[in-house]
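For what it's worth, the numbering used here labels the leading residue of the sequence shown as 4, then goes sequentially.
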Amino acid sequence: MLPNEILKRQFLEIVNNQLKDNAPPETKQTLDRLKKEGYSDADARTLIAQCVAAEMFNVMKHNKPYDNKRYVRNLNNLPAFPPED
């Protein structure tokens with residue numbers, strides 16, 4: 004398995020855990036919205052995983068804690084790709 008495939012699976016696992024725990028609830032709301040917009044379940048989860056990846060990148064790059072407001076903002080802006088802030 005390639006490293007990118009491993010990372011993708013890990014990010015999708017985070018999305019699955021967020022959905023299972025309903026934490027944050029915006030993850031489920033975003034999944035439902037994207038599916039209503041015509042995305043498949045798998046594609047919608049992959050888009051959400053991009054927000055997870057972007058948030059993790061920002062946490063590591065800036066050495067700051069997880070920012071739920073930024074994460075939710077990125078979810079709300081999907082399907083647009085999350086910016087690097």
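In this text, a Cβ means the ideal position worked out from N, Cα and C, and glycines have one as well. Since this is a predicted model, take the numbers as computed values, not measurements.
Return the CA-CA distance between Tyr42 and Asp35, expressed in angstroms with no decimal places. Taking the sequence shown and counting its residues from 1, the one referred to as residue 42 is at position 39. Taking the sequence shown and counting its residues from 1, the one referred to as residue 35 is at position 32. Taking C-alpha positions only, Tyr42 is separated from Asp35 by approximately 10 Å.
Flag this pair as yes or no: are the beta carbons of Gln53 and Leu22 separated by less than 9 Å? Taking the sequence shown and counting its residues from 1, one reaches residue 53 at position 50. Taking the sequence shown and counting its residues from 1, one reaches residue 22 at position 19. No; because the gap between Cβ atoms is not below 9 Å, this pair is not in contact.
Going by C-alpha distance, which of Leu50, Asp44, Ala56 is nearest Leu10? Here the question's residue 10 lines up with position 7 in the sequence shown. Selected option, being the one with the closest Cα: Ala56.
Residue closest to Leu50, alpha-carbon to alpha-carbon, out of Leu78, Glu8, Asn19: In the sequence shown, residue 50 corresponds to position 47, counting from 1. Selected option, being the one with the closest Cα: Leu78.
Cβ separation of Asn71 and Pro27, assumed to be a contact under 8 Å, to the nearest whole Å: The residue given as residue 71 occupies position 68 in the sequence shown. The residue given as residue 27 occupies position 24 in the sequence shown. Between the beta-carbon of Asn71 and that of Pro27 there is about 6 Å, and that keeps the pair under the 8 Å contact cut.
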